[in-house]
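Here's the structure, in structure tokens; my notes come after.
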């Protein structure tokens, strides 16, 4: 029996007797009895959970009565063993309870910051206390408090210039906390008002940009730089924008009146065809009434048919243009535009094309159609005088009745003072008028359209019911839809784009505003705003390289030609882009390197080149630079030629600038003594934002010297010429007037050496002459002394000319006596000290000089006489040189020479004392 198969059995029992006779006939049966058999159950089966794993997510901060319910079943048939009597959580120390029905609840508030996920085990018991064979696992995930908001977005978004478009929210999605929504509207706003004039535009100057966009010339600047010829802007406050353009501030009480006959040309040729163009930032003054009109420009002009009048004014968030074709007959017409740009306190460009009766207004390159209004009111016509005001307009005084022959006249008197009113409050810049013609739509869009903004990148996959709208300046993008998933897909394709290769680096604030509509207004959620920023990184700077021949020399006759000599005949301008490249993970090297690549795919335009002087400025009377002005005018470039620098300005391609630089020539007037010049060349790009290297060229002027007429000059040139310098073949046959820098002028060291050598030669010559003079005078004194037996006296003048020769020693070698046929005898005298010759007696005291002269003369004369007598005697007796030597060394000779020998020490002692005295009087 199996209770689980058949819990109960029921059957019927009936009894029969044996009947009558052997055949059992007439058998009797009993009544039927029903038997009910119930099979008692045995607890043979354990409880089994319906699911092995239970998962649920709950929000933090709440106490739940039931988070989830687990369920187990038992295979037994009896109620005692088939029912689950209770459940049990086997995992300890968790904030959960489970009841007998399997319901799980939390015992404390769950916090997302504490534990994100709880895992525990649950088992079940039947009434026979038999435990489940397999336990169940439970996972409870704790979610933070649900706040409807945008999830999965980054606050900082980096943009590399030249990358095209960049998705702002690639992984964003909207969390609604299960609140059903039927409409979603989101607005993405990009704030670029701090970049230049409202957004990132081309960084060229206004004039250069007009040339790049193909705008025709002929515009007149109404707010020029203050100068003696244009002094009506001198009293206005001046500011400078990032592109170096002038910005004028009008404080609500200032006006700039252009005088008639100033040469501006704004009073002529306007008639009914002209274009007004200006940058304007209207300052909203809180205390100023919205009904007060502020005039931007007010002018009365004269045409062939008569006087006409026009004015441009702002009125709240509207801009109005009043045009009076003819003051004599026609009625004025006013055109109105209601624009948010007028009153948003931001920079915008306005261009108005008047081709009466058609008027078109362009704001930031986008055209707007006006509402045409015929002003039927009684407007008094302005006076018929040429006048032009910027920042205000004039008001006519109330005319008074004038009696002229019993006739009333209401015409204003010419020349009366004007009353100024309707002052403008804000900034103006780049205010020009182009008389007689109109700017095309393409040119205006090219000039003033923003180069950065918001865009939508995937219109093809835009979901059903989605709408996308972008404002004309591309600073505001709006999305609208009714499905959350479709809306998430759409907003992930909102991109930031910047078409400038060298975009202005900096931060662009970003804001996402969302509004939703729910089925239940009472419980409708609100989505907080998302605020981030786009960081435009520093673009890879272009490297402008100037190269060519850095030195050349030409004859002076070439420079004296009318065309001069080209300074940069082979100059080359190249541009490359360098950027940092990081090492990849699979590469062995680490760090960053600089990758320089030629940027041929990027069109580079130079906006200026300057040639400056290294050293003194040019002398206009002797030298100057030449460039054909016709080629510049043809290209629309400007030239500034001064003695200090030579500048070409204007946007043009590199090829054009190369051709112009190769035409710049250096001219020297005939006869100018110029030998060397150095010129420095540099170029700029993007309105001076990027500069090239400084390329220096050294020029030598070769002068042919006349060797017959100027031999000293040629010799001097050859002396200071470097021996190792070799002339190039093209210079052979020329006499170099200057091979090196300052070669015609000796250096200071050379001059000093020459002077010293010359002075030394002079001193040697003077010494030789002095020695010769002393010898002649000494011979003259010896003759009288030999004849008279002593000195005859010397004058004071002669004594001054004698030298101190007390140290003079005469050595006679008897072995060197020469016998001659004439019977004469000679000897050589050796001087063992020449120092006394350098010590004149004039440096000694007077008494010492007199004593020395007397002793010298007596000793010398006596010694010579004795030697002569001895030699004469030796000759007469026919003695040999050996006999003469013996006689000379005899005792008698020693005795005769004793007086002279004994006197020498005395003289030396006296001389030493005099020397000491001399040294004391003349210290070194």
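Residue numbers (full-length UniProt numbering): 1 to 924.
Even for Gly, the Cβ is constructed at its ideal location relative to N, Cα and C.
Rounded to whole angstroms, the gap between the alpha carbons of residue 366 and residue 64 is 60 Å. Residue 57 places its beta carbon less than 8 Å from that of residue 141.
Here residue 167 has 495 as same chain residues with Cβ atoms under 6 Å from its own Cβ, once five neighbours each way along the sequence are excluded. Taken atom to atom, the span from the alpha-carbon of residue 479 to that of residue 46 is near 60 Å. Counting the other Cβ atoms within 10 Å of the Cβ of residue 332 gives 16 or more, which makes it buried. Under the criterion of beta carbons closer than 8 Å, residue 617 and residue 450 do not qualify as touching, at roughly 44 Å. Residue 349 sits close to residue 364, with the two beta carbons spaced by under 8 Å.
The stretch 497-514 makes no contact with the stretch 655-662, as fewer than three CB pairs between them are under 8 Å.
Distance from the Cα of residue 121 is smallest, within the candidate group 281, 106, 53, for 53. With fewer than 16 other Cβ atoms from the protein chains shown falling within 10 Å of its own Cβ, residue 177 counts as exposed. Here residue 446 carries a helix assignment [DSSP, helix/strand/coil]. By the neighbour-count criterion, in which 16 or more other beta carbons inside 10 Å mark a residue as buried, residue 106 falls on the buried side. In the same chain as residue 191, and ignoring 5 residues on each side of it, the C-beta atoms closer than 6 Å to its own belong to 509, in chain order.
Among the bridge pairs identified by DSSP, residue 534 is matched with 157, 508.
When DSSP reads this structure, residue 31 sits in no beta bridge, so it has no partner.
Three or more pairs of CB atoms, one per stretch, sit closer than 8 Å, so the stretch 143-155 contacts the stretch 525-538. In the structure shown, residue 756 falls within a helical segment according to DSSP collapsed to helix, strand and coil. Per DSSP, residue 143 is not a residue of any alpha helix (DSSP H); the beta strand (DSSP E) it occupies stretches across 136-143.
Annotation: the stretch 532-573 contains the following complete segments of the alpha helix (DSSP H) (minimum length 4 residues), in chain order: 556-560. For residue 669, there is no enclosing beta strand (DSSP E), as DSSP gives it neither H nor E. Across the structure, residue 276 and residue 251 are spaced so that their CA atoms are roughly 22 Å apart. Rounded to the nearest whole angstrom, the CA to CA distance from residue 644 to residue 613 is 6 Å. Under the 10 Å beta carbon count, residue 295 is surrounded by 16 or more other beta carbons and is classified as buried. Looking at the DSSP output, residue 608 shares a beta bridge with 649, 684. Pairwise C-beta distances place the stretch 644-653 in contact with the stretch 203-212, as three or more of them are shorter than 8 Å. According to the DSSP assignment, residue 635 belongs to the alpha helix (DSSP H) that extends over 629-635. Looking from the CA of residue 395, the closest CA among 41, 135, 298 belongs to 298.
At a Cβ-Cβ threshold of 8 Å, residue 545 and residue 504 do not count as neighbours. Here residue 550 is not near residue 702, since their CB atoms are 8 Å or more apart. For residue 334, the beta-bridge partners assigned by DSSP are 322, 373. Around the beta-carbon of residue 32, fewer than 16 other beta-carbon atoms lie within 10 Å, marking it exposed. Looking at the DSSP output, residue 467 bridges to 480. Distance from the CA atom of residue 174 to the CA atom of residue 481, rounded to whole angstroms, is 13 Å. Spanning the alpha carbons of residue 340 and residue 646 requires a straight line of approximately 47 Å. With contacts defined as CB atoms closer than 8 Å, residue 665 and residue 558 fail to qualify as a contacting pair. In chain order, 123 place their CB closer than 6 Å to the CB of residue 88, counting only its own chain and leaving out the 5 sequence neighbours on each side.
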